[in-house]
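Just so you know, the sequences run in chain order A and B. Residues in the first sequence are numbered consecutively from 291, following the working numbering. Residues in the second sequence are numbered consecutively from 283, following the working numbering. Glycine included, each C-beta is placed from N, C-alpha and C at the ideal position. Down below is the structure, laid out as structure tokens.
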Amino acid sequence: MATDQELSDFLASVERRAFKQAVFAVRDDEAALDIVQDAMIKLAEKYGDKNAAELAPLFQRILQNTIHDWFRRQKVRNTWVTLFSNLRDDREGEDNDLLDTFEAEIGTESAESSADKVERAQTMHIIEQEIQRLPARQREAFLMRYWEDMDVAETAAVMGCSEGSVKTHCSRATHTLAQALRARGVRL
Amino acid sequence: MSTRNEKEINERRLAHEIRTALDASANALPDNVTDRLAAARRIALSRKKAQAAVAAPQLATAGLHTVSFDEDDSPLHRAGAWLRRLGLVWTLVALAAGLIGIYHWQQQQRVDELADVDAAMLLDDLPPTAYADQGFHVFLKRGQ
Chain A
291 MATDQELSDF
301 LASVERRAFK
311 QAVFAVRDDE
321 AALDIVQDAM
331 IKLAEKYGDK
341 NAAELAPLFQ
351 RILQNTIHDW
361 FRRQKVRNTW
371 VTLFSNLRDD
381 REGEDNDLLD
391 TFEAEIGTES
401 AESSADKVER
411 AQTMHIIEQE
421 IQRLPARQRE
431 AFLMRYWEDM
441 DVAETAAVMG
451 CSEGSVKTHC
461 SRATHTLAQA
471 LRARGVRL
Chain B
283 MSTRNEKEIN
293 ERRLAHEIRT
303 ALDASANALP
313 DNVTDRLAAA
323 RRIALSRKKA
333 QAAVAAPQLA
343 TAGLHTVSFD
353 EDDSPLHRAG
363 AWLRRLGLVW
373 TLVALAAGLI
383 GIYHWQQQQR
393 VDELADVDAA
403 MLLDDLPPTA
413 YADQGFHVFL
423 KRGQ
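Right, dumping it as structure tokens:
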């Protein structure tokens with residue numbers, strides 16, 4: 291059974307990635323924070339007695355289910371809110387806004403490091419945008435396999451599909467990302 | 283075969299680069315987000331403690347709800363336990379009264395039926411002793 295400290299350490303180690311995953315899916319920071327909080331509470335309430343080693347796949351499953359539940363609720367509640375949210379986020383996601391933000395920082399730090407920082411931030415932002423644009427299943431598979439370090443079997447169990455499907459999703463996601471990044475001038 | 287391996291190697295290399303970028307992005311979250319995440323973590327941990335404290339006695343006394351009520355000394359819970367007990371007693375009393383009532387009603391029905399038969403026999407022109415006579419029965423059969 292995981293102690294309070296172990297559970298706390300585990301949540302601290304996954305919370306940032308969980309938040310980013312939720313943001314990629316729902317494209318709304320506030321909603322993503324709520325989703326991560328719900329997932330954490332569900333994990334603590336229902337699976338707090340599990341061993342620390344079992345928590346990672348359980349948390350991923352809960353997180354994905356909570357994200358899916360959020361979409362279901364949104365669909366039932368009102369579709370126009372989702373539409374509005376997407377439009378707003380797309381507008382915020384334009385490169386110009388990001389560059390404006392970082393241009394303001396140039397004066398505060400040395401020119402060389404700021405230039406590197408801007409380039410890195412820009413690359414990071416483009417990568418995140420392209421990950422957001424992936425089909426949901428491909429994104430889930432890709433992030434679980436390559437960011438959460440889950441193996442194919444664990445990913446398949448969380449996604450409720452076959453291991454072959456996971457491999458296909460990952461392969462397609464990587465291919466799509468490679469093409470999209472190349473098209474936008476990002477070389478990794 | 284080698285093409286497939288190359289494809290896998292490229293896939294893993296790209297995934298590694300993307301992972302590095304995502305890690306950097308996750309580590310650069312704004313303070314308000316990290317604060318909210320920390321608060322969410324604290325809430326989750328507090329729920330775990332509350333759950334653990336309640337779960338043990340509930341599991342140990344599964345099916346014996348009255349015991350768990352007695353263990354709680356608050357007046358509200360004691361009143362609730364009394365009401366539950368009182369409700370159970372009243373239900374049993376009502377059930378017993380209903381069964382007794384049905385039994386008496388059926389007995390009365392039988393008595394009334396027998397009384398009707400007796401009255402009919404006594405009011406008939408034929409004397410009641412005729413029914414006990416063997417010859418009368420033979421007479422009735424031949425008549426049919």
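As the crow flies, the alpha-carbon of W364/B is around 21 angstroms from that of A378/B. The three-state reading of DSSP puts M449/A in helix, counting H, G and I together. In the DSSP assignment, P410/B falls outside any alpha helix (DSSP H), carrying neither H nor E.
Residues I357 of the same chain have their beta carbon placed closer than 6 angstroms to that of A315/A, with the five preceding and five following residues left out of the count. Residues of chain A with a Cβ closer than 7 angstroms to the Cβ of R318/B are, in chain order, L323. Among the residues facing chain A, N292/B is included, as its CB has a counterpart in that chain under 9 angstroms away. Listed along chain A are R306, each with a C-beta nearer than 8 angstroms to that of N309/B. Rounded to whole angstroms, F309/A and G369/B show a C-alpha spacing of 50 angstroms.
Neighbours of I382/B in chain A, taken as residues at a C-beta separation under 8 angstroms, are lacking, since the least C-beta distance is about 50 angstroms. Note on geometry: alpha-carbon atoms of A334/A and W437/A lie some 23 angstroms from one another.
Cβ neighbours of A329/A within its own chain (closer than 7 angstroms, five residues either side excluded): A308, F349, I352, L353 and T356.
The three-state reading of DSSP puts G338/A in coil, since its state is none of H, G, I, E or B.
Taking a cut-off of 8 angstroms for Cβ pairs, the segment 410-426 of chain A and the segment 318-329 of chain A do not touch, as fewer than three such pairs fall below it. Scanning chain B for C-beta atoms nearer than 9 angstroms to the C-beta of I352/A yields nothing, as the closest lies near 11 angstroms away.
If you ignore the 5 residues before and after S452/A, its C-beta comes within less than 7 angstroms of the C-beta of A446, all in its own chain and listed in chain order.
T458/A is outside the set of residues whose beta carbon lies under 9 angstroms from a beta carbon in chain B. The shortest C-alpha to C-alpha distance from A463/A to any of V476/A, R427/A, V442/A and D439/A is the one to R427/A.
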